[in-house]
Each structure stands twice: as structure tokens, then as C-alpha cells.
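Per the working numbering, the sequence shown runs over residues 44 to 560. Glycine included, C-beta positions come from ideal geometry on N, C-alpha and C.
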Amino acid sequence: MTRTGGEIGLGISPARTAKTLSAADRLHVVGVGGVAAMGAALHAAALGVHVTGVDDRLSPSAGRILRDAGVVLVDGSDVSPLKTATSLAVSKAVTSIRPDHPQLEAARAAGVPIISVQQVIADAAATYGGPLLAVAGTHGKTTSTSWLLELLRASGVNPAAFIGGPLPEGTGTPPGSPVHLGDSPGFIVEADEYAGNFDAYAADCALILNVDWDHPDVFRDRRAVIEEFIRWSRPTLSRTGLVVNVGDSGGADLAAAILKTELPGAAALPLFTYELRGEGGTETGRVADVTATLRTLPRGGVALADVRLSPRALVGLAALAELAGEELAIGIRGAHNAANALGVAALASLAGATSAGIRRGLASFTGVGRRLEVLYERDGRVVIDDYGHHPAAIDATLATVRAIYPNRTLWLAYEPLTYHRTASLLEPLAASCAAADRVFVAEIHASRDPDLSIASSLGLAEAIVRRGGQAEAPGAVEATATALLAAAPADVVVLVMGGGRSTEMARLIADGFSTRA
44 MTRTGGEIGL GISPARTAKT LSAADRLHVV GVGGVAAMGA ALHAAALGVH
94 VTGVDDRLSP SAGRILRDAG VVLVDGSDVS PLKTATSLAV SKAVTSIRPD
144 HPQLEAARAA GVPIISVQQV IADAAATYGG PLLAVAGTHG KTTSTSWLLE
194 LLRASGVNPA AFIGGPLPEG TGTPPGSPVH LGDSPGFIVE ADEYAGNFDA
244 YAADCALILN VDWDHPDVFR DRRAVIEEFI RWSRPTLSRT GLVVNVGDSG
294 GADLAAAILK TELPGAAALP LFTYELRGEG GTETGRVADV TATLRTLPRG
344 GVALADVRLS PRALVGLAAL AELAGEELAI GIRGAHNAAN ALGVAALASL
394 AGATSAGIRR GLASFTGVGR RLEVLYERDG RVVIDDYGHH PAAIDATLAT
444 VRAIYPNRTL WLAYEPLTYH RTASLLEPLA ASCAAADRVF VAEIHASRDP
494 DLSIASSLGL AEAIVRRGGQ AEAPGAVEAT ATALLAAAPA DVVVLVMGGG
544 RSTEMARLIA DGFSTRA
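Next up, the structure:
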């Protein structure tokens, strides 16, 4: 069953034009340990806003980061900050399952406006000033948003940023946080499509990496996702511009729909399309403004070869045009990352990066946490932690790990994220997981799920077996880690994937191997 963004964000004020923040503002954040909520709190505090926060499940590391930034943390039952708060910010991850949260009820009773945490981030961007650069798409947003920051910093520009995970070491301020406090005009934001979360971001220019069916509790089908991205991204065409991956079928459909409705002036639109072509220059038949050929290197390495631009892109993407014909080294592995790199380079060029900065940033970027992150590698055993949880992400990540570790036994420990996604995408998930040599399916992580009866980890394991795979469902992440450790051979690569507690499972497995070494 799908719900509207209004139903999921019940009680949250609709997105509005961003306003500047000041020391007169007093912000109270509910669920402050969530990534977007933490980003809102940290940016607001950095801009002089008095920020309080509450979260009954706050991790020690998140608590330390917030306190060090000046955020005052209070007990979950303490509603006293609402006596002086000018607004309460909350994520739809909270309102989707707890619209009657005591903090929200108290805010309503006190007449305190309730806004989304994304609105606070948008307000922070307006306060910093300069262009708002957004990275959107179903997959690859966090890596690509962080990568864009790398290219701009390599070009001598240092904007503030928010991404959906911890920034790479040496970038996040404070370290381990999802924010970067820059000293140049401009703001980079990861724009999430869930239930209209990205509506607060009136981007000056944007990148759409791909458009796939996800969040089935919000989007009834693939077409609904495409329509949502069109609605959000179209206004950028009257500002600086839009970059779209037409090598992705959803991105191609989106670009075609925009161009069709903008005729006869479509040729003059600042819409730049790009496509990464396969080894040997394999083409899809689509016409793109920016193309490159994938070059595969040993152990999963990749590069962009033979970069080419259309006549209009030679003018609109001048810095990237200076790199035409070159082979560009990529700092992280995987064909999917090479495709994202091409889009990031195009957006960076549109946003004012230099050709030298683009070249240097593509090569120097080492990725973000929980994206193909190697936690353990010793005596034939490897443990890799990855946030991916959608079939397309599983496909891309398994393929990359196979390339990095060829001819090795590859096990997948997978924690499904949300019951809605597992139920709606059961067969694609099973097909993707079955590509591993053995699969351990942990309990589904409930997030925004009002109904926990529509799917199960055992049901997914059984579907994997029907697809010809070997799978089991041991239980919680702790039980799953224990079962895997008990069965693990001396030589095995373990890929742990999921978006909930899977990172805990990865560390349990890594620690288990370490103690047995």
C-alpha cells in the first residue's frame, strides 16, 4: 500500500522558500541522531542558532559529535525546549511511524511550527549564500555528492555541504559527520526523493544519476518515480542547469519527457545529458552531450577513456571540454562508480570547477564510509561493509567485488531494509542475492514500516533458493553473524550489505575473524 508524502509527513509544514537563519532562532530537533537530522542540527548550530535535540536511540559517537558542536541534548520525555523554540524539525522517518510522538504533540499544543529537517538544511544553504548544487538519484547519491565536493575543493572552491553519510576523513567538519563547513559561497546537498524530501531544495543546478523504482511505500511504480524527479528538477532549467544520465533507462525517460514538453525551445535548455559506454565503445543508440568509454583495469579499477562532448556541451561545460579525448583516472572501483564520476565531472564543470580540479578530484577521491569499505583482510578472509540494499545496488556491488577478488568464494550477508521494499521487490532481490555463492539473510530492518507482516527474511531466503542460490535466515544480525562465522571456510570474501544494523553485523564478522586469526 502506498501513502502520499503528506500522509507520511503528517503534521510537517509543506516545503517553502528557504530563509536565512540567525542567532534569534531556537531549533529543537526530534530524532537528532538520524543523518539528515544531524546535518540540520550541525549546520544550524554552526550558523549561530541555539539547537536542542532529542533521540532515544542516539549512538555514543553521534552524541559526541553533536555535543562538541554545541547542540544541547535532552531526555526524550523532556519537552521544556519547546517553551522557547521557534521551530521543531523532524524527519519523515519519525512521522511515518510515530505521528503522535510526544514531542510533536507538545509542539502542536504550544503552537511551535513543525518543519522538515530538509527545510532546515535548505535554510542553512540560503544563509551561507551562493548557488545550491544538488545530487539526486535512486542509487549512488552519497558517494557522488561527496565526490562533487572533492572536485570543487581541488578547483580551489570550498562550499559547505550535507551528504547522507559520514564524509571522508579530512573532509567532514566535525570529523565523522555528514556535514562540511566550507569557507566559499555555495552549498552542496544530497537530495533524497523519499516522500518529497527534496522539495525543500530549490537547486540552481542538479545532477540526476539514475531513476529506478524504490520506496514502494510512496511510489506505486517506476513511472511515478520518474514523474517525481521531473517535477522537482524542471525548475533548474530556468537557473543554471540540469545534468542527467541517459545511460540509465530511467534517466533517459526523464530527459526525453522534459525535452518533449519544452519544444520548440529544447535545444537552448541548459540540460546536459551524459552516458558511459561499455568497453570497446558499445553504444545504446541514445544521443548524449557527454560520453566516455569505460576502461577496466586490474582488480576492479576503472578509468574514463575518450571523453567526448557535443558542440553545445563544449560551450556549456567548458572545463570538462578541456579534458576531451583524455583518459581520466578514477580513485574508486566499479563500473557504476565510473558512470557516476562522469556525471559528477559534468556538474562540477557547470558549477565552475577547473579542468585541473576535475582531473585531480576524480583520481584523489577514495570514497565514503560503508561503500565497499574493507573492514578486514587477512589470511584469505575479507570482510566488506556496504550500504547497498536495492537489487540494482546489490548487482553492481557484487560485480565489483567479483572483479576485485576474482575466482574467490563470495558470501553475502544481507539485512533487508524495510518490509515494504522487501515485499514489493522480493523476486528482484532474490535474483540479485542469488549471484553470491552463499547468502545469509538477517531479519528485516523496520524503518518507516507500519505493517511488519507483509514480508520476512525467511521468505526472501526461500525465494533465493528458488532462484538456484544457497541461502538461510538465521535471525537477528547477531545470530546471522554467528551462523556465518561458524560456517566460514579459511578462504572467503564476505560482503555485508544493508541499510539498518548491517554495519554492526559486518563488524561482528570482522571481529570474529580477527579473534580466530
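In the DSSP assignment, C476 forms no beta bridge with any residue. Membership of Y171 in the alpha helix (DSSP H) is indicated by the continuous run V160 to Y171. Sequence-distant Cβ neighbours of A435 in its own chain, meaning closer than 7 angstroms and more than five residues away, are H182 and D255. If you look at R107, you'll find it in the alpha helix (DSSP H) that goes P103 to D111.
In the DSSP assignment, R421 is bridged to R424. A direct Cα-to-Cα measurement between H432 and V535 gives close to 21 angstroms. Counting only the Cα atoms, R46 lies some 27 angstroms from S545. Boundaries cannot be given for D257, as no beta strand (DSSP E) includes it and DSSP labels it neither H nor E.
About 16 angstroms separates the Cβ atoms of L347 and F315, ruling out a contact at the 8 angstroms cut-off. When secondary structure is reduced to three states using DSSP, L385 falls in the helix class.
In the three-state scheme derived from DSSP, where H, G and I count as helix and E and B as strand, E416 is classed as strand. Around the beta carbon of A295, 16 or more other beta carbons lie within 10 angstroms, which makes this residue buried. Counting only runs of 3 or more residues that sit fully inside the segment 57-138, the beta strand (DSSP E) segments are 69-73, 93-97 and 130-133, in chain order. Assignment of A498 by DSSP, reduced to helix, strand and coil, places it in the coil class.
Following the DSSP letters along the chain, one finds R274 inside the alpha helix (DSSP H) bounded by residues R265 to S276. Assignment of N450 by DSSP, reduced to helix, strand and coil, places it in the coil class.
Residue pairing from DSSP places I157 in a beta bridge opposite L131. Sequence-distant Cβ neighbours of S467 in its own chain, meaning closer than 6 angstroms and more than five residues away, are P259. Contact annotation, A311 with E236: C-beta distance approximately 27 angstroms; criterion of less than 8 angstroms not satisfied.
In terms of CA proximity to L337, N380 leads the group A299, L357, P354 and N380. Using a Cβ distance threshold of 8 angstroms, L390 and L503 do not count as a contacting pair.
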